[in-house]
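Residue 264 in numbering that gives the first Met the number 0 sits at position 265 of the sequence shown; the count goes up by one each step and never skips.
Beta carbons are placed, not taken as given, at the ideal position from N, Cα and C, and that holds for glycine.
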Amino acid sequence: MPTEMEQLIERIAERVKAEMSAKQTMSVVAPLPEVRGTWQDQAALDQYLGGADRVGTDGNTPDVPSNEVARRIDHTLLKADATRADHVKLCEEAAKYRFASVCINTTWVVLCKQLLKGTGVMTICVVGFPLGAATSRAKAAETREAIANGADEIDMVINLGLLKSGDHNAVFDDIKQVVDAASGRPVKVILETHLLNREQKIASCALSKAAGAAFVKTATGFSGGGATVEDIRLMRQVVGPDMGVKASGGVRSAADAQAMLGAGATRLGASASVAIVTGGTGKGAY
Numbered sequence: 000m001p002t003e004m005e006q007l008i009e010r011i012a013e014r015v016k017a018e019m020s021a022k023q024t025m026s027v028v029a030p031l032p033e034v035r036g037t038w039q040d041q042a043a044l045d046q047y048l049g050g051a052d053r054v055g056t057d058g059n060t061p062d063v064p065s066n067e068v069a070r071r072i073d074h075t076l077l078k079a080d081a082t083r084a085d086h087v088k089l090c091e092e093a094a095k096y097r098f099a100s101v102c103i104n105t106t107w108v109v110l111c112k113q114l115l116k117g118t119g120v121m122t123i124c125v126v127g128f129p130l131g132a133a134t135s136r137a138k139a140a141e142t143r144e145a146i147a148n149g150a151d152e153i154d155m156v157i158n159l160g161l162l163k164s165g166d167h168n169a170v171f172d173d174i175k176q177v178v179d180a181a182s183g184r185p186v187k188v189i190l191e192t193h194l195l196n197r198e199q200k201i202a203s204c205a206l207s208k209a210a211g212a213a214f215v216k217t218a219t220g221f222s223g224g225g226a227t228v229e230d231i232r233l234m235r236q237v238v239g240p241d242m243g244v245k246a247s248g249g250v251r252s253a254a255d256a257q258a259m260l261g262a263g264a265t266r267l268g269a270s271a272s273v274a275i276v277t278g279g280t281g282k283g284a285y
């Protein structure tokens, strides 16, 4: 028998599906025809929101061995005043500790890609960061530039204003345009979960998966909140076992990392990465 949470997720998924079906032509953004994905992908949307791709999970997994935690970390530097020297240090640390990636702003993609060549460390670029309020065309253009410059993955910020307005069709289009512009590279959708109520968290996860994103991610770290175990468990339950979940914002120690991974996260975003893998506690200033 479905749990109360599973029933809530199903109700919200059905509501999102109905609202999008009723608003097929509504969007405050005029997306480019060649990248508009909403209705050409309606079958995929119906399949997901109907539950075919969503499998419940309690989000509890065993501890990840400490020597493997580093490979789950996106070593992050997003401060506006971060210098070239700061990015060189970031890449040196990422290579030394074998982090999964560095996560940076668009300006620094070329430099970091060059510095990390041959290390096995990916270069991730944020898009629409940190507000998510740019137009879909602008986000898609930023994505294409980042990919052309060597980005391996894209972390985009969801349009919170559209989400909170209940315009799920426009939110779906916004994500889909970035997914299409990424040309097969994985896209993570940053939800700013601490600014959302439970229904909005569920809807944003459902829309992200339906639009083809590879991950949902908790937070930018720039708006006063971050990852919680409860949010990671909820996100995992909504997206099922096959989609990535990234915990970002406030992950500052090995204990924090294990808590998030245990709740269902598959990737961690942190600026305190070195402290996490060396047994300390970082300040976590992005």
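Identify whether residue i lies in helix, strand or coil by the three-state DSSP scheme.
i           : result
residue 202 : helix
residue 255 : helix
residue 73  : strand
residue 215 : strand
residue 243 : strand
residue 156 : strand
residue 281 : coil
residue 269 : strand
residue 66  : helix
residue 250 : coil
residue 274 : helix
residue 209 : helix
residue 260 : helix
Which term fits residue i, buried or exposed, when burial requires 16 or more other beta carbons within 10 angstroms of its beta carbon?
i           : result
residue 106 : exposed
residue 17  : exposed
residue 196 : exposed
residue 32  : Low per-residue confidence applies at residue 32: pLDDT is 28, beneath 50, and the placement is therefore not dependable enough to give any value.
residue 66  : exposed
residue 10  : exposed
residue 30  : Because residue 30 carries a pLDDT of 34, less than 50, the predicted location of this residue cannot be relied on, and the following value inherits that uncertainty. Result: buried.
residue 83  : exposed
residue 254 : exposed
residue 95  : exposed
residue 121 : buried
residue 79  : exposed
residue 54  : Summary for residue 54: the model assigns pLDDT 43, below 50, so the residue's position carries little reliability; its value from the coordinates is reported in the next sentence. With fewer than 16 other Cβ atoms within 10 Å, it is exposed.
Check the C-beta distance from residue i over to residue j and give it rounded, since I have them as a contact under 8 angstroms.
i           : j           : result
residue 75  : residue 102 : 4 angstroms
residue 245 : residue 216 : 4 angstroms
residue 267 : residue 71  : 5 angstroms
residue 148 : residue 109 : 5 angstroms
For a test of your reading of the model: does the CB of residue i fall under 7 angstroms from any non-hydrogen atom of the ligand SAH? Yes or no.
i         : result
residue 7 : Ligands are entirely absent from the displayed structure, and the ligand SAH is therefore not among its contents.
(message) Whether or not the segment 88–96 and the segment 127–141 are in contact is what I'm after, with contact meaning three or more pairs of Cβ atoms, one per stretch, closer than 8 angstroms; do they touch?
(response) no
(message) With a threshold of 8 angstroms, are at least 3 pairs of Cβ atoms found where one atom belongs to the segment 228–238 and the other to the segment 192–200?
(response) yes
(request) Quick one: which unbroken beta strand (DSSP E) runs of 3-plus residues sit fully inside the segment 160–193? Chain order, please. (result) 186–189
(message) Contact between the segment 180–196 and the segment 212–229 is defined here as three or more beta-carbon pairs at a separation below 8 angstroms; is this criterion met?
(response) yes
(message) What ranges does the beta strand (DSSP E) occupy inside the segment 79–153, keeping only unbroken runs of at least 3 residues that lie completely in it?
(response) 100–103, 121–126
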